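Undergrad: First the structure, which I've put down as structure tokens, then a few questions once you've had a look.
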Amino acid sequence: MYFKIILILSGAVFIHAQRSHELCQSFGCFDSSDTQLTVTHDGEEIYYADFKKGLVVWNSKIPTTVHVPHAYKIALHYRMVCRGELARYKPDKSATTKTKEPPEIIIYPRDEVIEDEENTLICFINHFFPPSINIKWTKNDIELTVEDPFDKCINNPDGTFHVFSYLNFVPTEGDIYGCTVEHASLEKPQTKFWEADINQTNISPAVFCGLGLFLGLLGVAAGTFFFVKGKCIS
């Protein structure tokens, strides 16, 4: 029986160049696995708690100078809260187990594609359940080793999950990159491809706009999602 409580508990606003930013800490309580705690900034992961290793895993893009020294102690506190909530809210044995949901995959470059200039490919995987997924990158059908596979799953208000996976690369005309996803809902791995076409119009601004709208809607939907407590402030 799958049982989950999602609590979005803390938020802060940072204003810079007349823009507002959203900092969210969320954690999920599960009867079938350990607590999941993630901190995001504008929808991008900052760190997540790894209770098996007894530490928090920081996104390598975040400077060490801003790491919170007691982040893991804070995570342990919420882990205890989870245990209390699970004891308080017993799962309904008559309820139907949540069905598996297949992932939706989008792959796009972070910046305008210019030959021989370093860039980042982003694989956005959304609306999948359960929150266990394996992601692989390939270049011209050769599997790549990702140096920093920061791919922690993040809750959606509808009970599904989403995740971002990143690949740093230097584009060369004709190279074909693939993002392959393995998930329990798929009979076989699903792959999305991106080909380096230096002369094509860059679509990443439109993708970012769409993702921005999606992440913004997460905040709206979270306000009405069952068992959500607290809020993120924007």
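In mature numbering (1 follows the signal peptide of the UniProt record, and there is no 0), the protein residues as written are -17 to -1, 1 to 217. From the three backbone atoms N, C-alpha and C, an ideal C-beta is built for every residue, glycine too. Keep in mind it's a predicted model, so treat the numbers as computed, not measured.
(1) Which residue wins for smallest C-alpha separation from Glu170, given the options Phe13, Glu27, Glu84 and Leu20?
(2) Less than 8 Å between the CB atoms is what I'm expecting for Phe144 and Cys65, so what's the real figure, rounded?
(3) Do Lys175 and Ile90 have their C-beta atoms within less than 8 Å of each other?
(4) Return the chain-ordered ranges of every beta strand (DSSP E) run that is complete within the region 26 to 82 and spans a minimum of 3 residues.
(5) Which residues bound the beta strand (DSSP E) around Gly161?
(6) For Thr18, does the count of other Cβ atoms within 10 angstroms reach 16, so buried, or fall short, so exposed?
(7) Is it true that the CB of Tyr31 sits closer than 8 Å to the CB of Thr47?
(8) What's the gap between the Cα of Glu126 and the Cα of Arg71?
(9) With distances taken between CB atoms, is the gap from Ile116 to Val146 smaller than 8 Å?
(10) Hey, quick one: how far does the beta strand (DSSP E) through Asn117 stretch, first residue to last?
(11) In whole angstroms, give me the CA-to-CA distance for Thr128 and Leu38.
(12) Near Lys119, which residues of its chain fall below 7 Å by C-beta distance, leaving aside the five closest residues on each side in sequence?
(13) Which residues in the same chain have their Cβ closer than 7 Å to the Cβ of Ile88, if we skip the five residues on either side of it in sequence?
(14) Is the beta carbon of Lys81 less than 8 Å from the beta carbon of Phe111?
(15) Is it true that the CB of Asn151 sits closer than 8 Å to the CB of Thr103?
(16) Can you check whether the C-beta of Gly157 is within less than 8 Å of a C-beta belonging to chain D?
(17) Rounded to the nearest angstrom, what separates Ala179 and Ser3 at their Cα positions?
(18) If we call anything under 8 Å between Cβ atoms a contact, is Thr155 one with Glu98?
(19) Would you identify the three-state DSSP class for Gly11, choosing helix, strand or coil?
(20) Can you tell which of Cys136, Cys7, Phe34 and Ile159 has the C-alpha that lies nearest to the C-alpha of Ser148?
(21) Ordered along the chain, which non-local residues of its own chain (more than five positions away) have a Cβ less than 8 Å from that of Pro92?
(22) Compare the beta carbon distance of Lys122 and Tyr160 with 8 Å and say whether it is the shorter of the two.
TA: Result, derived from the coordinates:
(1) Translated into positions along the sequence shown, residue 170 becomes position 187. Closest option to Glu170, Cα to Cα, is Glu84.
(2) For this step, residue 144 is matched to residue 161 along the sequence shown. For this step, residue 65 is matched to residue 82 along the sequence shown. Phe144 to Cys65, Cβ: 17 Å. No contact.
(3) Within the sequence shown, numbered from 1, the residue matching residue 175 stands at position 192. Within the sequence shown, numbered from 1, the residue matching residue 90 stands at position 107. Their beta carbons are under 8 Å apart, which means Lys175 touches Ile90 by this criterion.
(4) You should have 27 to 33 and 38 to 41.
(5) Residue numbering aside, residue 161 sits at position 178 when the sequence shown is read from its first letter. Residues Ile159 to His166.
(6) Along the sequence shown, read from residue 1 onward, the residue named residue 18 stands at position 35. The residue is buried, with at least 16 neighbouring Cβ atoms inside 10 Å.
(7) Position 64 of the sequence shown, counted from the start, is the residue given in the question as residue 47. Position 48 of the sequence shown, counted from the start, is the residue given in the question as residue 31. The answer is no: Cβ separation not under 8 Å.
(8) Locating residue 126 in the sequence shown gives position 143, counting from the first residue. Locating residue 71 in the sequence shown gives position 88, counting from the first residue. Here the C-alpha atom of Glu126 lies approximately 46 Å from the C-alpha atom of Arg71.
(9) Stepping through the sequence shown from its first residue, residue 116 is reached at position 133. Stepping through the sequence shown from its first residue, residue 146 is reached at position 163. Yes.
(10) As a first step, residue 117 is located in the sequence shown; it is residue number 134 there, counting from the start. Looking at the DSSP string, the run of the beta strand (DSSP E) that includes Asn117 is Ile116 to Lys122.
(11) What you label residue 128 is simply residue 145 of the sequence shown in a count that begins at 1. What you label residue 38 is simply residue 55 of the sequence shown in a count that begins at 1. Using only the alpha carbons, I get a separation of about 24 Å.
(12) Along the sequence shown, one-based indexing puts residue 119 at 136. Around Lys119: Glu126 and Thr163.
(13) Walking along the sequence shown from the start, residue 88 turns up at place 105. The answer, listed in chain order, is Cys106, Ile108, Cys162, Val164, Gln173 and Lys175.
(14) Here residue 81 refers to the residue found at position 98 of the sequence shown. Here residue 111 refers to the residue found at position 128 of the sequence shown. Cβ distance not < 8 Å, so Lys81 and Phe111 don't count as in contact.
(15) To locate residue 103, count along the sequence shown from 1; it is residue 120. To locate residue 151, count along the sequence shown from 1; it is residue 168. Less than 8 Å divides the Cβ of Thr103 from the Cβ of Asn151.
(16) No chain D appears in this structure, which consists of one protein chain only.
(17) The count along the sequence shown starts at 1 and reaches residue 179 at position 196. The count along the sequence shown starts at 1 and reaches residue 3 at position 20. The alpha-carbon atoms of Ala179 and Ser3 are separated by roughly 34 Å.
(18) Stepping through the sequence shown from its first residue, residue 155 is reached at position 172. Stepping through the sequence shown from its first residue, residue 98 is reached at position 115. Yes, Cβ-Cβ distance for Thr155 and Glu98 is below 8 Å.
(19) Translated into the one-based positions of the sequence shown, residue 11 becomes position 28. Residue state, collapsed to three classes: strand.
(20) Here residue 148 corresponds to residue number 165 of the sequence shown, with the count starting at 1. Checked all of Cys136, Cys7, Phe34 and Ile159; the closest Cα to Ser148 is Cys136.
(21) Counted from its first residue, the sequence shown places residue 92 at position 109. Excluding residues within five positions, the ones whose Cβ falls inside 8 Å are Asn102, Thr103, Leu104, Ile105, Pro154, Trp177, Asn185 and Ser187.
(22) Within the sequence shown, the letter at position 139 stands for residue 122. Within the sequence shown, the letter at position 177 stands for residue 160. Result yes, Cβ atoms of Lys122 and Tyr160 sit closer than 8 Å.
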